[in-house]
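Residues in the sequence shown are numbered consecutively from 8, following my numbering. The C-beta atom is built at its ideal place from N, Cα and C for all residues, glycine as well. This structure is a prediction, so every number in the text was calculated from the model and none was measured. Each remark here refers to the structure printed beneath this line.
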Amino acid sequence: MENYATLMFTAAVAAEQETVGTRALYAEKYPARTKPGLGADERAFLETRTSIYMASVSETGWPYVQHRGGPLGFLKVLDAETIAFADYRGNRQFISKGNLLGDDRVSVFAMDYPQKARLKLQGHASMIDATDDPDLAKKLITPGSGRVERLTTIRIVAFDWNCPQFITPRYTQDEVTAMVAPHLAERDRKIEDLTQRLTALGETQ
Numbered sequence: 008m009e010n011y012a013t014l015m016f017t018a019a020v021a022a023e024q025e026t027v028g029t030r031a032l033y034a035e036k037y038p039a040r041t042k043p044g045l046g047a048d049e050r051a052f053l054e055t056r057t058s059i060y061m062a063s064v065s066e067t068g069w070p071y072v073q074h075r076g077g078p079l080g081f082l083k084v085l086d087a088e089t090i091a092f093a094d095y096r097g098n099r100q101f102i103s104k105g106n107l108l109g110d111d112r113v114s115v116f117a118m119d120y121p122q123k124a125r126l127k128l129q130g131h132a133s134m135i136d137a138t139d140d141p142d143l144a145k146k147l148i149t150p151g152s153g154r155v156e157r158l159t160t161i162r163i164v165a166f167d168w169n170c171p172q173f174i175t176p177r178y179t180q181d182e183v184t185a186m187v188a189p190h191l192a193e194r195d196r197k198i199e200d201l202t203q204r205l206t207a208l209g210e211t212q
């Protein structure tokens, strides 16, 4: 696994950091952040996502960001250097697939909006027909999500946990339900208690 800063802080990036005064800070901080592969924290984080953003670059140099989502667990960590997901029938534009034929390098953002956490990953991606690897397809298929057309695997070469600044918390319907459920239960209990007291009061008059 490569160091994220070594991979991403190009000469132009380093020059800009030098200009604004952050170069020394990053040079001191990032060497110790290299890990041999995805660990338990990264696995737990990735496998509890319901969506990711994957960027690729076209043969003409234009970047493209694809959103991919699914139920909890749609994204799988196959080993310490590989993540994968099933690709279902979409809008049939095939922009990402076409881009990967010319350059298989991708950048992935995995977000946890409620916790304001972001994991950035750089890697090499491939898309194959689901029929080309039935065993992998079985690992990636999520029941009830439709017919799988392609399988996307990404071999991670570097990753970095990013700062939470400016990440606006957002919540899914299930997360909102879980948060308000105790309050609704308490409200219902109070209503029931009040109803019983009013009923008892009426019976004594």
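- prompt: Where does M61 land, buried or exposed, given buried means 16+ other C-beta within 10 angstroms?
  reply: Numbered from its first residue, the sequence shown carries residue 61 at position 54. Flag for M61 reads buried.
- request: Name the two residues that bound the continuous beta strand (DSSP E) containing Q73.
  value: The residue given as residue 73 occupies position 66 in the sequence shown. Segment P70 to G76, the beta strand (DSSP E) holding Q73.
- request: For my contact list, I59 and A124 are in at a C-beta cut-off of 8 angstroms; report their separation, rounded to the angstrom.
  value: Residue numbering aside, residue 59 sits at position 52 when the sequence shown is read from its first letter. Residue numbering aside, residue 124 sits at position 117 when the sequence shown is read from its first letter. Actually they are not in contact, since the Cβ atoms of I59 and A124 sit about 13 angstroms apart, beyond 8 angstroms.
query: If F166 and E88 are in contact, beta carbons under 8 angstroms, what's the gap, nearest whole angstrom?
result: Here residue 166 corresponds to residue number 159 of the sequence shown, with the count starting at 1. Here residue 88 corresponds to residue number 81 of the sequence shown, with the count starting at 1. Contact doesn't hold; Cβ gap of about 10 angstroms is too wide.
- prompt: Just to confirm, are F101 and F92 a CB contact at a threshold of 8 angstroms?
  reply: As a first step, residue 101 must be located in the sequence shown, where it is residue number 94. As a first step, residue 92 must be located in the sequence shown, where it is residue number 85. The answer is no: Cβ separation not under 8 angstroms.
field: F92 in three-state terms, based on DSSP
entry: Counted from its first residue, the sequence shown places residue 92 at position 85. In the structure shown, F92 sits in a strand (DSSP, three-state: E or B).
message: Buried or exposed for L45, going by 16 or more other Cβ atoms inside 10 Å?
response: Position 38 of the sequence shown, counted from the first residue, corresponds to residue 45. Looking at its Cβ environment, which holds 16 or more other Cβ atoms inside 10 Å, L45 is buried.
query: With respect to the beta strand (DSSP E) encompassing E156, which residues constitute its N-terminal and C-terminal limits?
result: Residue 156 sits at position 149 when you count from the first residue of the sequence shown. E156 -> beta strand (DSSP E) spans V155 to N169.
query: Secondary structure at S58, three-state DSSP: helix, strand or coil?
result: In the sequence shown, counting from the first residue as 1, residue 58 sits at position 51. Three-state DSSP puts S58 in a strand.
query: For A132, which three-state DSSP category applies?
result: Along the sequence shown, one-based indexing puts residue 132 at 125. Strand.
message: On the CB-based measure, 16 or more other CB atoms within 10 Å of its CB, does A22 come out buried or exposed?
response: Your numbering for residue 22 matches position 15 in the sequence shown. Its Cβ having fewer than 16 others within 10 Å, A22 is exposed.
query: In this structure, does DSSP put M8 in helix, strand or coil?
result: Counting from one through the sequence shown, the residue named residue 8 turns up at place 1. Here M8 sits in coil by DSSP.
field: Opening and closing residue of the beta strand (DSSP E) in which A39 lies
entry: Along the sequence shown, read from residue 1 onward, the residue named residue 39 stands at position 32. Per DSSP, A39 belongs to no beta strand (DSSP E) and is neither H nor E.
query: What are the boundary residues of the alpha helix (DSSP H) that includes R50?
result: As a working note, residue 50 is residue 43 in the sequence shown. Where R50 is concerned, the enclosing alpha helix (DSSP H) stretches over A47 to L53.
field: Per-residue burial, G68 [other beta carbons within 10 Å of its own, 16 or more giving buried]
entry: Position 61 of the sequence shown, counted from the start, is the residue given in the question as residue 68. G68 is exposed by the Cβ-count criterion.
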